[in-house]
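Here is the structure we will look at, set down as structure tokens.
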Amino acid sequence: MTTITAQPLVTFREKSAGEAPQSVPFSHLSLEVGHLYMEDFALGRKHLDAYFKRVARWVDAARDIGADRHGKSRPRISTCFLIDDYFSQLGTPADLIEMVLAAAGENGLTIDYLARESACAKAGDIDLARLVRDQLVAEPIPGANGSRPPLMDTGWLSNGQNSSVLESPLAMSANRWRPALQNAVNRHSIFVDVELWDDENIWSCAYLAAVWQLLRLGVLRNKDRQVVEPVRMPASLPRDWTELPAVMQVNERATPFTAYRTFSILGSRFVETEVATRVVLGQVPIAEKVMNQVLTRSRAEGIDLPKDILERTEYLFISD
21 MTTITAQPLV TFREKSAGEA PQSVPFSHLS LEVGHLYMED FALGRKHLDA YFKRVARWVD
81 AARDIGADRH GKSRPRISTC FLIDDYFSQL GTPADLIEMV LAAAGENGLT IDYLARESAC
141 AKAGDIDLAR LVRDQLVAEP IPGANGSRPP LMDTGWLSNG QNSSVLESPL AMSANRWRPA
201 LQNAVNRHSI FVDVELWDDE NIWSCAYLAA VWQLLRLGVL RNKDRQVVEP VRMPASLPRD
261 WTELPAVMQV NERATPFTAY RTFSILGSRF VETEVATRVV LGQVPIAEKV MNQVLTRSRA
321 EGIDLPKDIL ERTEYLFISD
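Residue numbers for the sequence shown follow my numbering, beginning at 21 and rising by one.
Below is the structure:
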């Protein structure tokens with residue numbers, strides 16, 4: 021008789037599968053008070069003063085709304101400001117940053133954190149734009165015939181099926197036009213096709229804005245590690261933008277940079293950009309263990325947070 025000895029079951033898994041992602045601190049709200057380009061700075065201090073004067077009134081309203089939402093007299097709200105150093109550069113960091121902080125302060129605004137837009141492409145050794153790109157899961161398009169090339173080949177991401185002309189199989193019949201169709205249509209379609217990068221591998225503003233939102237929401241990880249950690253703004257600013265930290269803490273008493281929700285006050289010229297940004301965000305699946313960690317933290321504070329990150333991003337567009 022042959023005796024068979026039972027062997028213990030061996031399970032193979034990735035080393036990080038059971039490890040908890042690095043935890044990050046959270047404010048209740050990340051309040052973006054501006055996203056300006058180098059051409060805005062070229063208009064000078066007077067232009068910045070006028071801008072911050074308009075924004076300051078809405079910041080007070082956003083703080084009141086945050087207090088009502090969380091039932092707290094003093095909710096944790098951090099402010100941030102994004103400077104475009106990716107598409108162009110005008111002046112040194114010292115010149116522009118000092119101008120921004122002075123204009124904000126003299127118009128009643130405290131900026132807690134300053135960030136570089138180029139850091140949404142690459143922060144230190146981490147290629148953030150590619151990190152997010154590799155996580156994208158394009159929505160399946162009902163009835164698609166396979167004529168649209170894959171996202172990775174084109175650099176384009178949509179929320180549905182583009183319009184097209186269908187060739188008639190009959191020689192004498194006219195071709196038929198098919199309208200665009202949104203995937204999650206609500207009565208009428210609003211089709212959006214977003215360019216994420218161009219032929220020169222330059223990331224689009226809309227795509228970098230999506231990375232920016234994910235950073236502020238604290239849901240990006242690289243091998244379970246936090247991808248960007250704010251650094252105190254150096255006393256002496258370098259002459260080169262690339263030598264600056266990705267996110268700089270300006271106010272030493274600021275609440276955390278990352279937050280359960282984001283609110284962005286932007287010029288009306290960003291409306292189309294942010295529509296495209298939301299198309300991108302809707303197709304970035306957040307790692308389940310990261311999402312669970314955030315939801316557990318929020319519930320411990322008595323906050324019922326939506327799982328959909330699009331429900332946690334809000335905007336106010338003001339006239340330029």
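A virtual CB, placed ideally from N, CA and C, is assigned to each residue, including glycine. What you are looking at is a predicted structure, and each value in this text was computed from that prediction instead of being measured.
Requested in this report: Any chance you could list the beta strand (DSSP E) runs of at least 3 consecutive residues sitting entirely within the region 106 to 169, in chain order?
Outcome: Qualifying beta strand (DSSP E) stretches, in chain order: 133 to 136.
Query raised in the report: Since ILE285 sits in a beta bridge, which residues does DSSP pair it with?
Result: Beta-bridge annotation (DSSP): ILE285 is paired with LEU336.
Query raised in the report: Within this structure, are the beta carbons of LEU110 and ALA40 separated by less than 8 angstroms?
Result: Not closer than 8 angstroms, so no.
**Report entry** Between the CA atoms of HIS48 and SER339 - distance to the nearest angstrom
**Finding:** HIS48 has its alpha-carbon roughly 27 angstroms from the corresponding atom of SER339.
Report task. Take the Cβ of ILE329 as the centre, count every other Cβ of all protein chains shown within 10 Å, and call the residue buried at 16 or more, exposed below. Result -> Under this definition ILE329 is a buried residue.
**Report entry** Contact set for LEU116: own chain, Cβ-Cβ below 6 angstroms, skip 5 residues either direction
**Finding:** The residues are PHE61.
**Report entry** Whether ALA228 touches ALA149 by CB criterion (8 angstroms)
**Finding:** As written in the sequence, residue 228 is Leu, which differs from the Ala given in the question. Result yes, Cβ atoms of LEU228 and ALA149 sit closer than 8 angstroms.
Report task. Measure the alpha-carbon distance for LEU201 versus ARG273 and round it to whole angstroms. Result -> The alpha-carbon atoms of LEU201 and ARG273 are separated by roughly 49 angstroms.
Requested in this report: Give every residue of the same chain whose Cβ lies closer than 8 angstroms to the Cβ of VAL247, excluding the five residues on either side of it in the sequence, and list them in chain order.
Outcome: Only ALA143, ILE146, LEU148, LEU151, LEU235, LEU240, ARG241 meet the Cβ criterion.
Report task. With VAL79 as the anchor, note down where its alpha helix (DSSP H) starts and where it stops. Result -> Per DSSP, VAL79 belongs to the alpha helix (DSSP H) from 65 to 90.
**Report entry** Own chain partners of SER288 with C-beta closer than 8 angstroms, once the 5 adjacent residues on each side are dropped
**Finding:** Closer than 8 angstroms at Cβ, skipping near neighbours: PHE337, ILE338, SER339, ASP340.
Requested in this report: Would you grab the beta carbon distance between ALA100 and GLU52 for me? Rounded to a whole angstrom, and I think it's under 8 angstroms.
Outcome: The identity of residue 100 in the sequence shown is Cys, whereas the question assumes Ala. Contact annotation, CYS100 with GLU52: C-beta distance approximately 5 angstroms; criterion of less than 8 angstroms satisfied.
Query raised in the report: Using CA coordinates, which residue listed in GLU59, ASP132, ALA81, GLY64 is at the minimum distance from ASP104?
Result: For the options GLU59, ASP132, ALA81, GLY64, the alpha carbon positioned closest to that of ASP104 is the one of GLU59.
Query raised in the report: So which of LEU56, GLU118, ILE97, VAL79 has the shortest CA-CA distance to MET253?
Result: For the options LEU56, GLU118, ILE97, VAL79, the alpha carbon positioned closest to that of MET253 is the one of GLU118.
Query - According to DSSP, residues forming a beta bridge with PHE101 - result: Note: PHE101 sits in a beta bridge opposite LEU134.
Query - Cβ-based burial, TRP261 [other Cβ within 10 Å; buried from 16] - result: The residue in question, TRP261, is buried, as its Cβ has 16 or more Cβ neighbours within 10 Å.
Report task. Pick out the complete beta strand (DSSP E) segments inside the region 208 to 258, 3 residues or longer, and give them in chain order. Result -> List check, beta strand (DSSP E) in window: 213 to 215.
Query raised in the report: Is it the case that the Cβ atoms of LEU257 and ALA135 are separated by a distance below 8 angstroms?
Result: No. Outside cutoff.
Query raised in the report: When the Cα atoms are used, what is the spatial distance from ALA279 to ARG96?
Result: Rounded to the nearest whole angstrom, the C-alpha separation of ALA279 and ARG96 is 9 angstroms.
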